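Colleague:
In our numbering, the protein residues as written are 808 to 1005.
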């Protein structure tokens, strides 16, 4: 009886050790495999229309344009992916957003009422009524910079859930710590996937 208990204890300990070893071997990758195998990427502001002409969109802030340029430079330095200007041709879409708690733009607009150059007075019976209006725009959102990765090849849409997303104060300024974190996670995932191969 004692011999059977000892044998059962040794067997249980062996099975437990094998299971723990298997659990340690099966590491999760920080990013999905599609991110490590992608070739072409596009960069767009997170709040833009994610079309090739986003840089002509007046709703894109100067800060978002600047961090998109900084991420593009970091991407070129890394050399892992090839850049495409058209999000519809990209395997991955890198969406960036400069942090800002809220910004309000207010400006007057004067409407002349239709006065044409060269006319000193309006035609009889038509009164010119200039008016002043106030145009406002509000842009609110997280105060932290955001870097998000979306799957591409779906018409450039950002409707699907992000494959990877991080926010950090000043995360896309200076040394671009958010981009550095993304790069680290991709390289770590590549290493894990390489180690899994027989």
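From the three backbone atoms N, C-alpha and C, an ideal C-beta is built for every residue, glycine too.
A quick note: this is a predicted structure, and the numbers were derived from the prediction, not measured.
1) Checking the sheet assignment: what are the DSSP bridge partners for residue 952?
2) From this set, 975, 987, 895, 872, which residue's C-alpha is nearest residue 950's C-alpha?
3) Checking 7 Å against the spacing of the C-beta atoms, do residue 999 and residue 834 come in under that value?
4) Start and end of the alpha helix (DSSP H) containing residue 984?
5) Quick one: grab the DSSP three-state call for residue 846.
6) Hey, residue 838 and residue 958: beta-carbon distance below 7 Å or not?
7) DSSP puts residue 899 in a beta bridge; with which residues?
8) Ordered along the chain, which non-local residues of its own chain (more than five positions away) have a Cβ less than 8 Å from that of residue 848?
9) Starting from residue 891 and walking both ways along the alpha helix (DSSP H), at which residues does that stretch end?
Modeller: Well, looking at it:
1) Within the chain shown, the letter at position 145 stands for residue 952. In DSSP, residue 952 forms a bridge with 975.
2) For the purposes of this step, residue 950 is taken as residue 143 along the chain shown, with counting starting at 1. Of the candidates 975, 987, 895, 872, the one whose C-alpha sits nearest the C-alpha of residue 950 is 975.
3) In the chain shown, residue 999 corresponds to position 192, counting from 1. In the chain shown, residue 834 corresponds to position 27, counting from 1. The answer is yes: Cβ separation under 7 Å.
4) As a position in the chain shown, residue 984 is number 177, starting the count at 1. First-last of the alpha helix (DSSP H) with residue 984: 984-1003.
5) Residue numbering aside, residue 846 sits at position 39 when the chain shown is read from its first letter. Residue state, collapsed to three classes: coil.
6) As a position in the chain shown, residue 838 is number 31, starting the count at 1. As a position in the chain shown, residue 958 is number 151, starting the count at 1. No; because the gap between Cβ atoms is not below 7 Å, this pair is not in contact.
7) Here residue 899 is taken as the residue at index 92 of the chain shown, counted from 1. Residue 899 is bridged to 848, 958.
8) For the purposes of this step, residue 848 is taken as residue 41 along the chain shown, with counting starting at 1. Closer than 8 Å at Cβ, skipping near neighbours: 882, 888, 889, 890, 891, 897, 898, 899, 900, 901, 959.
9) Stepping through the chain shown from its first residue, residue 891 is reached at position 84. Careful: residue 891 lies outside any alpha helix (DSSP H) and carries neither H nor E.
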